[in-house]
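Some notes on the structure that comes next.
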Amino acid sequence: MGSPLRTVHLRRSSSSPPGDTVVIAVDGGSGVDLARVGLALGLDPASVRPNGYFLSRGPGHVCSAVTWRALLNFFAARGLPTGADAAAPVAVDGKPAASPAPTSDPTTLVCSKRKSGLVVERRSKRTKPQENGSSLSKRSDDVLSEEIVLGLKRRLRLDDTIPAKKIKQVEYGSGE
1 MGSPLRTVHL RRSSSSPPGD TVVIAVDGGS GVDLARVGLA LGLDPASVRP NGYFLSRGPG
61 HVCSAVTWRA LLNFFAARGL PTGADAAAPV AVDGKPAASP APTSDPTTLV CSKRKSGLVV
121 ERRSKRTKPQ ENGSSLSKRS DDVLSEEIVL GLKRRLRLDD TIPAKKIKQV EYGSGE
């Protein structure tokens with residue numbers, strides 16, 4: 001079973017006034033969750049440094065090698081603020097978090113690589129351009145849907161006139 005929860009007072013080291021603190025509840029026996037610290041202060045979790053010390057990060061920006069209890073005892077042994085009260089909050093360095101890009105509908109995912117309605121018209125190296133200047137046109141049912149072609153290296157047509165392998169054709173003479 002984990003340690004009892006304790007509250008830790010945090011503040012941004014440079015930009016916020018000394019009275020502007022944030023309080024988070026932490027389990028003393030669990031790893032230091034730097035993503036939670038960054039989120040509470042509006043900082044990028046990859047750049048969070050409590051009292052100026054860098055902590056290694058694992059998956060999800062959690063430092064599993066150091067517990068909150070050990071970190072706060074380390075700060076107390078060096079005379080640094082431990083965040084026990086609002087008068088001595090832990091000073092946290094870090095870059096401000098990037099604001100998320102606004103989206104009109106949060107349920108809609110946008111893929112920048114996919115271009116809807118794009119029909120690529122390519123000609124084989126052996127075909128000659130037509131005299132009227134128009135390129136070879138394709139019907140919409142000749143081209144595979146965008147969902148299928150997304151992972152393919154080249155666009156395939158359903159009625160491909162050029163076979164994938166060359167077939168050797170042997171002509172037989174009339175024997176005379």
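Using full-length UniProt numbering, read the sequence shown as starting at 1 and increasing by one per residue. For every residue, glycine included, the Cβ atom is placed at its ideal position computed from N, Cα and C.
- Taking 4 residues as the shortest admissible run, the region 40-104 contains the following complete alpha helix (DSSP H) segments, listed from N- to C-terminal end: 68-77.
- For D33, same chain residues with a beta-carbon under 6 angstroms away, outside a window of 5 residues either side, are V62 in chain order.
- A91 is not a Cβ neighbour of D44, given a cutoff of 8 angstroms.
- Here DSSP, grouped into helix, strand and coil, assigns V22 to strand.
- Collapsing the DSSP output to three states places V170 in coil.
- For Y53, the closest C-alpha among the options S13, T7, Y172 and E171 is that of S13.
- DSSP places G31 in the uninterrupted beta strand (DSSP E) bounded by G31 to D33.
- A77 and P89 have their C-alpha atoms spaced approximately 16 angstroms apart.
- Comparing alpha carbon positions, the residue from L55, V23, T7 and A86 closest to D93 is L55.
- Between the alpha carbons of G29 and V8 lies a distance of about 14 angstroms.
- Its chain contains R11 as the residues whose beta carbon lies nearer than 7 angstroms to that of D20, once the 5 sequence neighbours on both sides are disregarded; these appear in chain order.
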